[in-house]
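Working notes, structure below.
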Amino acid sequence: MEIQNSYGLLNVGSVPSYYREVHQAICSRTDERVPLSVFQRVLSRTSLSVTVQNQVRLADYLLKGIKVSLYKGLALIALAQQGKPPSPKLLENFIQEFPKPQLGEPKELQSLKMQTVQESPLNLSLTLGELLKKDTIKVELIPEKKGLFLKHVEYQVTSECFTVSVYRRYTDFDVFHELLLQRYAYRVVPALPPKRALKGVLTSMSEREFIEGRRRALGRFLNLVARHPVFSEDELVKTFLTFSGSDVQTKLRDACKKLGDEFMTCKYATQAKDYLPADIQSQFSSSRELIKNIHNSFQKLRDRAERMAERSKENATDLLMFGKELSSLGSDESPVPILASCKSPWAALRRSVKGLSVEFSLLSEKAAQQGRREEDDVVEKLNLFLDLLHSYRDLCERHEKGVLHEHQRALQKYGVMKRQILSATVQPKEQVSVEQLESRIVQQENAIQVMELRSYFSLFCLHQESQLIFTYLPITSHILGAFVNSQVQGHKEMGEVWQNLHSKLKSIFGDGNGQSPPLSPK
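Residue 1 is where the sequence shown starts when you use the UniProt record's numbering, and the numbers rise one by one after that.
Structure representation (structure tokens):
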């Protein structure tokens with residue numbers, strides 16, 4: 001006796017009684033179908049890797065839930081446990097009895113059909129504090145090394161989590177970023193800064209400023225990656241942060257080839273639809289619009305913070321030059337004319353004026369420190385969050401232009417094939433060409449089913465990444481706290497110097513009774 005499903009014929013005579021016992025144990029009394037979630041629990045009892053488990057699901061089950069699909073799934077599990085790659089072709093023309101999978105006694109599987117109440121994997125339960133504690137990465141420039149022809153910049157990358165330092169070049173970052181995008185196409189992968197300054201950029205900044213800006217951006221990139229709830233557990237990230245061998249790029253490529261993309265390794269990939277809320281598209285649209293508005297506001301905040309930091313630096317330069325001019329004025333040893341000496345105390349005062357440059361030099365130093373605090377504590381935090389927001393925008397575009405577009409193309413191709421087979425039915429053609437067309441249609445149906453699963457998984461990941469953005473939003477309090485603290489500290493330190501300067505001026509320009517004349521004429 002043979003049973004047929006969308007994957008071909010199955011010889012029921014080759015089905016062991018163990019398969020029927022498993023089916024009886026895990027199906028309900030009122031419905032002989034087995035939900036995918038229950039089949040996933042069956043797979044979880046095996047010692048197979050997540051990648052192989054996904055291959056079993058994609059090769060056979062694909063949300064059908066019917067008895068014959070369970071039988072084929074059990075057969076693929078048994079063959080995979082024997083070390084064979086799970087593929088529908090393994091079951092074609094299978095004459096002998098299917099092997100028995102190692103799952104334990106059927107009675108032990110009865111509990112698998114009971115749905116346990118647990119937190120949905122769709123929900124991101126981490127707080128901002130927990131994300132920030134995952135790791136802190138420092139990226140420092142090391143002295144330039146010169147090759148035979150070109151000099152290059154090298155970075156020392158230090159991870160607090162792994163307590164190790166490694167050396168990386170920009171090309172290492174580039175390969176790492178490319179592989180992250182391949183493996184996690186449905187996640188927020190931060191962008192890299194450009195390798196070289198864009199045309200015309202170096203006219204407004206020096207090469208040193210460009211390299212420093214790139215160093216900061218690389219540090220933000222690594223911190224966002226190392227603190228991501230999914231990336232932080234990945235072998236790629238661990239390799240980049242810890243491998244000290246000579247060829248890290250080959251090591252990274254080998255790791256990525258071994259792992260595959262996230263859809264093939266995530267245990268929820270083929271079940272994503274089950275976890276998505278019914279109004280997922282509406283939620284995605286509203287979240288995207290809100291995050292877009294947040295993005296625009298944070299860009300304006302960052303631009304203002306940059307201007308304030310720049311003004312602090314300019315103020316430092318002006319104060320220093322003001323003090324130098326006072327020093328130059330007081331250093332003039334030219335004799336004071338006798339005509340004026342009886343009316344003006346300038347000969348004595350100019351030595352005191354020269355001494356005022358010390359306070360102005362200190363004021364300049366305090367203003368420069370203020371600018372660095374605003375840049376390091378405020379602007380950098382704003383840029384970190386903006387990098388995350390930029391990557392979310394890119395992810396939304398990948399979802400619409402990539403997964404959804406490919407799904408639509410697959411459906412169009414399937415429609416063309418259907419019309420061709422109808423045409424072949426009306427106008428008889430060679431049997432071989434018709435069979436080939438039917439085979440291609442079956443393959444296209446499978447491809448569409450996989451594409452649909454990927455579309456749902458893409459939405460699953462998008463929903464999680466939207467939550468990640470909102471988890472990061474409390475960084476606003478960190479930014480405001482850093483901004484206010486820098487202003488309080490800066491004004492306090494400069495206020496003390498100004499107060500000392502005021503007292504000094506009083507002693508220099510005070511009259512005989514110790515009274516200071518007005519600082520400006522009335």
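Using N, Cα and C, we set each Cβ at its ideal position, and we do this for glycine too.
Backbone CA spacing between residue i and residue j [nearest angstrom]
i, j, result
"residue 480", "residue 291", "19 Å"
"residue 223", "residue 247", "23 Å"
"residue 268", "residue 36", "11 Å"
"residue 232", "residue 266", "15 Å"
"residue 49", "residue 308", "54 Å"
"residue 62", "residue 167", "Residue confidence for residue 62 is low, a pLDDT of 46 falling below 50, so the modelled location carries little weight; the figure read from the coordinates is stated next. Residue 62 and residue 167: Cα-Cα distance of roughly 45 Å."
"residue 474", "residue 250", "39 Å"
"residue 459", "residue 22", "33 Å"
"residue 150", "residue 174", "Note that residue 150 scores a pLDDT of 46, beneath 50, so its modelled location is shaky; the value from the coordinates is reported in the next line. Rounded to whole angstroms, residue 150 to residue 174 spans 19 Å at the Cα level."
"residue 82", "residue 46", "12 Å"
"residue 285", "residue 400", "12 Å"
"residue 410", "residue 15", "Here residue 410 scores only 49 on pLDDT, less than 50, and its place in the model is too uncertain to base an answer on."
"residue 131", "residue 226", "9 Å"
"residue 503", "residue 325", "21 Å"
"residue 505", "residue 158", "50 Å"
"residue 24", "residue 391", "48 Å"
"residue 507", "residue 311", "32 Å"
"residue 497", "residue 152", "43 Å"
"residue 212", "residue 104", "60 Å"
"residue 352", "residue 332", "12 Å"
"residue 363", "residue 327", "15 Å"
N- and C-terminal bounds of the beta strand (DSSP E) containing residue i
i, result
"residue 165", "164-169"
Where residue i falls: helix, strand or coil (DSSP)
i, result
"residue 141", "strand"
"residue 155", "strand"
"residue 228", "coil"
"residue 106", "helix"
"residue 216", "helix"
"residue 302", "helix"
"residue 466", "helix"
"residue 262", "helix"
"residue 450", "helix"
"residue 256", "helix"
"residue 188", "coil"
"residue 242", "helix"
"residue 331", "coil"
"residue 82", "coil"
"residue 310", "helix"
"residue 272", "helix"
"residue 459", "helix"
"residue 37", "helix"
"residue 286", "helix"
"residue 348", "helix"
"residue 30", "coil"
"residue 111", "helix"
"residue 160", "coil"
"residue 87", "coil"
"residue 46", "coil"
Beta-carbon proximity list for residue i, same chain, < 7 Å, skipping 5 on both sides
i, result
"residue 78", "98, 99, 100 and 101"
"residue 513", "Low confidence applies here, because residue 513 scores a pLDDT of 48, under 50, leaving its location unreliable; read the following figure in that light. Same-chain partners within the cutoff: there are none."
"residue 260", "51"
"residue 472", "128, 385 and 388"
"residue 208", "none"
"residue 461", "186 and 187"
"residue 124", "229, 464, 467, 468 and 471"
Sequence-distant residues of its chain with Cβ nearer than 8 Å to residue i (five each side left out)
i, result
"residue 300", "none"
"residue 236", "176, 179, 180, 183, 252, 255, 256 and 259"
"residue 523", "No answer is possible for residue 523: the residues shown for the chain start at 1 and end at 522."
"residue 215", "139, 140, 141 and 155"
"residue 456", "272, 273 and 276"
"residue 323", "356, 357, 358, 359, 360, 361, 363 and 364"
Residues of its chain near residue i, where Cβ-Cβ distance is below 6 Å and the 5 sequence neighbours each way are ignored
i, result
"residue 270", "57 and 453"
"residue 53", "43"
"residue 27", "34"
"residue 164", "242"
"residue 426", "Reliability fails at residue 426, whose pLDDT of 47 lies under 50, so the model's placement of it is uncertain and the value that follows must be treated cautiously. Result list for residue 426: empty, nothing under 6 Å."
"residue 162", "241 and 242"
"residue 136", "160"
Alpha helix (DSSP H) segment containing residue i, residue limits
i, result
"residue 489", "475-509"
"residue 120", "Per DSSP, residue 120 belongs to no alpha helix (DSSP H) and is neither H nor E."
"residue 394", "380-398"
"residue 20", "17-26"
"residue 96", "No alpha helix (DSSP H) holds residue 96; DSSP gives it neither H nor E."
"residue 133", "128-133"
"residue 51", "50-56"
Notebook entry, point to check: Going along the chain, which unbroken runs of the alpha helix (DSSP H) with 4 or more residues stay wholly within the region 350-382?
Noted result: 357-373
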